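Read left to right, the sequence shown gives residues 32 to 477 (the numbering used here). Where a beta carbon is used, it is the ideal one built from N, C-alpha and C, also for glycine. All figures in this text were calculated on a predicted structure; none of them were measured in a lab.
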Amino acid sequence: MKKVLIVIRREYLVRVQKKTFLLLTFGAPLLIVGLIAAVVALTVAGKEEKTITILDETALFESHFEDGGDITYTFKDQSLDDALADLTSGKTFAVVSIPADLDVRDPKGVTFHQKGNPTSSITGKISRQMVDRIRQLRLEQEGIAETTLDSLNGIRVNLATFDITDMGEDGEAQQSSAGAAQGIGMVFAVIIYMFIFLYGAMVMRGVIEEKMTRIVEVIVSSIKPFQLMMGKVIGVALVGLTQLTLWVLLLGALGFVASTFLPEDAFDAEAMEALANTPNANAIQASLADNPELAQGVFTVLNMPWGQILLTFLFFFVGGYLMYGALFAAIGSAVDSDADSQQFMLPITIPLLIAYMAAFTVVGEDPNGPAAFWLSMIPLTSPIVMTIRVPYGGVEMWELLLSMVLLIGGFIGTIWLAGRIYRIGILMHGTKINYRVLAKWVKMKN
Numbered sequence: 032m033k034k035v036l037i038v039i040r041r042e043y044l045v046r047v048q049k050k051t052f053l054l055l056t057f058g059a060p061l062l063i064v065g066l067i068a069a070v071v072a073l074t075v076a077g078k079e080e081k082t083i084t085i086l087d088e089t090a091l092f093e094s095h096f097e098d099g100g101d102i103t104y105t106f107k108d109q110s111l112d113d114a115l116a117d118l119t120s121g122k123t124f125a126v127v128s129i130p131a132d133l134d135v136r137d138p139k140g141v142t143f144h145q146k147g148n149p150t151s152s153i154t155g156k157i158s159r160q161m162v163d164r165i166r167q168l169r170l171e172q173e174g175i176a177e178t179t180l181d182s183l184n185g186i187r188v189n190l191a192t193f194d195i196t197d198m199g200e201d202g203e204a205q206q207s208s209a210g211a212a213q214g215i216g217m218v219f220a221v222i223i224y225m226f227i228f229l230y231g232a233m234v235m236r237g238v239i240e241e242k243m244t245r246i247v248e249v250i251v252s253s254i255k256p257f258q259l260m261m262g263k264v265i266g267v268a269l270v271g272l273t274q275l276t277l278w279v280l281l282l283g284a285l286g287f288v289a290s291t292f293l294p295e296d297a298f299d300a301e302a303m304e305a306l307a308n309t310p311n312a313n314a315i316q317a318s319l320a321d322n323p324e325l326a327q328g329v330f331t332v333l334n335m336p337w338g339q340i341l342l343t344f345l346f347f348f349v350g351g352y353l354m355y356g357a358l359f360a361a362i363g364s365a366v367d368s369d370a371d372s373q374q375f376m377l378p379i380t381i382p383l384l385i386a387y388m389a390a391f392t393v394v395g396e397d398p399n400g401p402a403a404f405w406l407s408m409i410p411l412t413s414p415i416v417m418t419i420r421v422p423y424g425g426v427e428m429w430e431l432l433l434s435m436v437l438l439i440g441g442f443i444g445t446i447w448l449a450g451r452i453y454r455i456g457i458l459m460h461g462t463k464i465n466y467r468v469l470a471k472w473v474k475m476k477n
């Protein structure tokens with residue numbers, strides 16, 4: 032155990048002291064914030080007032096176009112040729128022509144002229160305002176009050192969903208929300224997926240590098256290959272956790288600093304004042320009352336069994352990484368370069384991809400169905416799938432415990448398999464490796 036700790040310490044310190052680690056850890060958040068700031072600055076700087084001339088021969092749309100953002104609408108009584116001449120000379124940004132014979136039942140013949148190809152945002156704004164006015168005219172023709180139609184269109188049936196898996200102390204079911212559960216599960220699943228791929232590959236590259244520089248031949252003279260492998264896998268995991276923690280802290284700090292440079296009118300003043308003057312959150316309660324689905328999602332998040340969710344995430348996060356990290360280390364020990372490793376990467380990536388795709392399909396559609404159940408039991412897919420299932424609720428305790436036991440068993444089997452390959456492959460050079468050779472290494476006793 033002492034030797035494993037020495038390897039972990041060495042692996043951790045060597046990697047965190049590298050310039051590439053420091054540059055990526057501290058440079059990535061700065062780059063992200065800088066890119067966002069650049070996009071915002073370019074967006075603000077790129078906005079210039081645009082005057083759009085509207086030739087309305089029907090006289091039905093005047094005063095029904097609202098200026099917004101950087102667009103100003105000007106109604107003119109002139110010919111299309113004169114308006115196009117103004118467009119050519121730069122006196123106007125674009126020209127919209129509405130013909131006199133426009134039929135509100137079948138509105139055709141409206142034209143839009145501009146230098147160059149128009150953007151969908153501008154044409155969309157014009158189209159929406161015309162549709163609103165035509166809709167109003169059609170209602171008047173049919174003798175239907177707009178308020179009546181709005182009330183009919185506003186009819187919604189909001190299903191109050193409840194989870195009866197864990198009844199409250201008063202014997203009542205807990206309110207649930209599929210959207211909130213799916214969002215939380217997806218976030219945790221993506222974290223596991225990305226961590227396994229990024230830092231598992233780091234383990235593999237580290238093993239290949241030490242193998243090619245012959246450093247490992249000296250190291251294994253004083254430590255067992257299995258201990259070396261576990262030390263590298265755990266050391267890289269600690270490097271990854273350190274990097275992720277620093278990213279979260281730096282992005283949070285940079286976001287806070289950036290918010291202090293926002294203009295005073297960046298937020299709605301009335302809304303902020305109302306929020307400040309309501310210690311008991313009456314404004315928030317009123318907002319939730321107007322949006323039952325939002326309220327249901329908020330209450331679901333607050334009432335979720337966060338202890339169980341976080342413990343499940345941590346268990347499958349650690350177990351999944353250690354299992355896949357050992358496989359990546361075994362691949363690194365068997366090959367002489369990154370290019371040679373590609374043929375062995377497929378069996379590892381397929382289960383992860385299946386679990387990731389299932390998260391958006393079968394698990395999202397039926398988190399407690401047969402497909403989701405079996406995928407959460409298979410050790411190679413359970414780290415992602417079970418992490419998604421738990422926030423939904425409905426996972427029986429025996430299912431969760433069985434999945435954990437199977438993951439532990441899969442981890443032990445994977446570690447044994449990877450160790451058998453690692454102990455021989457780490458000292459092999461120039462040998463053409465295929466699956467048959469790997470099988471022989473596994474069977475070798477010495």
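task: Take the Cβ of Glu241 as the centre, count every other Cβ of all protein chains shown within 10 Å, and call the residue buried at 16 or more, exposed below.
output: buried
message: Could you check whether the Cβ of Ile153 sits closer than 8 Å to any heavy atom belonging to the ligand COA?
response: Ligands displayed in this structure: none; no statement on the ligand COA is therefore possible.
- request: Measure the beta-carbon distance from Gln258 to Val35 and round it to whole angstroms, keeping in mind my assumption that it falls under 8 Å.
  value: 5 Å
field: DSSP bridge partner residues for Lys81 (one or two, in chain order)
entry: Ile102
- prompt: What's the gap between the Cα of Ser434 and the Cα of Met417?
  reply: 8 Å
query: Would you call the CB atoms of Tyr104 and Thr82 closer than 9 Å?
result: yes
query: Under the rule that 16 or more other beta-carbon atoms within 10 Å means buried, what is Ile67, buried or exposed?
result: exposed
- request: With Val45 as the anchor, note down where its alpha helix (DSSP H) starts and where it stops.
  value: 33-47
task: Could you name each continuous beta strand (DSSP E) segment of 3 residues or more that falls completely within the stretch 93-163, going from the start of the chain to the end?
output: 102-106, 125-129, 142-145
message: DSSP has Leu86 in a bridge; who is on the other side?
response: Ser128
message: Quick check on Leu1: does DSSP put it in helix, strand or coil?
response: Nothing can be reported for residue 1: it is not among the residues displayed for the chain, which extend from 32 to 477.
Same chain, Cβ closer than 8 Å to Pro149, neighbours up to 5 away in sequence not counted: Ala125, Phe143
- prompt: Hey, would you say Met261 sits closer than 9 Å to Ala361, going by beta carbons?
  reply: no
- prompt: Taking the alpha-carbon positions, what's the Ile419 to Leu469 distance?
  reply: 34 Å
query: Using CA coordinates, which residue listed in Tyr423, Val267, Ile153, Phe226 is at the minimum distance from Trp337?
result: Tyr423
query: Given 8 Å as the limit, is there contact between the stretch 44-59 and the stretch 83-100, that is, 3 or more CB pairs closer than that?
result: no
task: Assign Glu295 to buried or exposed, taking buried as 16 or more other Cβ atoms, counted over all protein chains shown, within 10 Å of its Cβ.
output: Reliability of the predicted coordinates at Glu295 is poor, the pLDDT of 48 falling under 50, and the value obtained from them is presented with this limitation in mind. Exposed is the call here.
Met354 in three-state terms, based on DSSP: helix
- prompt: Would Tyr224 pass as a contact of Leu383 if the rule is Cβ separation under 9 Å?
  reply: yes
- request: Decide if the stretch 451-459 is in contact with the stretch 379-398; the criterion is three or more beta carbon pairs, one per stretch, under 8 Å apart.
  value: no
message: Measuring alpha carbon to alpha carbon, tell me which residue in Ala403, Ile63, Ala389, Phe106 is nearest Ala90.
response: Phe106
- request: Go to Ser434, then tell me how far its alpha helix (DSSP H) extends in each direction, as first and last residue.
  value: 428-456
query: Near Ala232, which residues of its chain fall below 8 Å by C-beta distance, leaving aside the five closest residues on each side in sequence?
result: Phe359
field: Integer-rounded CB distance, given that Gly350 should sit under 8 Å from Pro414
entry: 6 Å
message: Nearest by alpha-carbon distance to Met235: which of Ile250, Val267, Ile222 is it?
response: Val267
task: Grab the span of the alpha helix (DSSP H) containing Leu469 for me, first residue to last.
output: 466-474
- prompt: Would Asp87 be called buried (16 or more neighbouring beta carbons within 10 Å of its own) or exposed?
  reply: buried
message: So, under 8 Å CB-CB, Ile175 and Val127 are touching, yes? Tell me the CB distance rounded to an integer number of Å.
response: 28 Å between Cβ atoms; not a contact.
- request: Provide the residue span of the alpha helix (DSSP H) that contains Leu406, from first to last.
  value: 401-406
task: For Pro256, I'd like the list of residues in its chain whose CB is within less than 6 Å of its CB, leaving aside the five on either flank, ordered along the chain.
output: Tyr453, Arg454, Ile457
task: Could you check the C-alpha separation between Val218 and Leu275 for me, to the nearest Å?
output: 14 Å
field: Residue nearest to Val426 in terms of C-alpha spacing, selected from Leu438, Met408, Thr412
entry: Met408
- prompt: Are Ala386 and Ala212 closer than 9 Å when you measure CB to CB?
  reply: no
- prompt: Just to confirm, are Gly441 and Met354 a CB contact at a threshold of 9 Å?
  reply: yes
task: Just confirm the distance between the C-beta atoms of Val238 and Ser364, as a whole number of angstroms; I'd bet it's less than 8 Å.
output: 5 Å
- prompt: Given Pro130, which residues of its chain have a CB within under 8 Å of its CB, disregarding the five upstream and five downstream residues?
  reply: Glu88, Thr89, Gly140, Val141
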